[in-house]
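Quick note on the working numbering: the sequence shown kicks off at 1299 and runs consecutively. Built from N, CA and C at the ideal position, the CB exists for glycine as well. Computed from a prediction, not measured in an experiment: that's the story for all the values here. Okay, so here's the structure we're looking at.
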Amino acid sequence: MNKVLFFAHLRDAVGKESVMIDAAGNTVAELKAKLTKVYKLPKMDVVMTAINEEFAQNDEMIQEGDTIAFIPPVSGG
């Protein structure tokens, strides 16, 4: 199993801070696609991803026990 963390508007869309799912064997891009379908997440193409607190690219493979975090871009003024 894998813990998936959501931040900012993604947390609001999912309705909770994290979920536990079986994502091992998927790439980051595949996981983004699955979560977009399940939770109707907006703009996942611009979301930064971290695996075990290290930034990850869309083609990185997720392993059993990894923690994945999705972090939308932020702006300030």
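Inter-residue Cα distance where the pair is residue i and residue j
i	j	result
Glu1352	Met1359	13 Å
Asn1324	Thr1365	13 Å
Thr1334	Glu1328	10 Å
Ile1319	Phe1305	17 Å
Segment limits, beta strand (DSSP E) that includes residue i
i	result
Ala1354	Glu1352 to Ala1354
Lys1301	Asn1300 to Phe1304
Thr1365	Thr1365 to Ile1369
Of the residues the options, the one placed nearest residue i, counting alpha carbons only
i	options	result
Ala1311	Ile1366, Pro1340, Ile1319 and Gly1323	Pro1340
Arg1309	Ile1349, Glu1362 and Tyr1337	Tyr1337
Asn1300	Ala1322, Lys1332 and Ala1331	Ala1322
CB contact check: residue i to chain D, cutoff 8 Å
i	result
Phe1353	Absent from the structure: chain D. Only one protein chain is present.
Contact belief for residue i with residue j at Cβ below 8 Å, rounded distance in angstroms
i	j	result
Asn1350	Val1326	The Cβ separation is near 12 Å, so there is no contact.
His1307	Pro1371	The Cβ separation is near 10 Å, so there is no contact.
Ala1331	Ala1348	At roughly 18 Å, the Cβ-Cβ gap does not stay under 8 Å, so Ala1331 and Ala1348 are not in contact.
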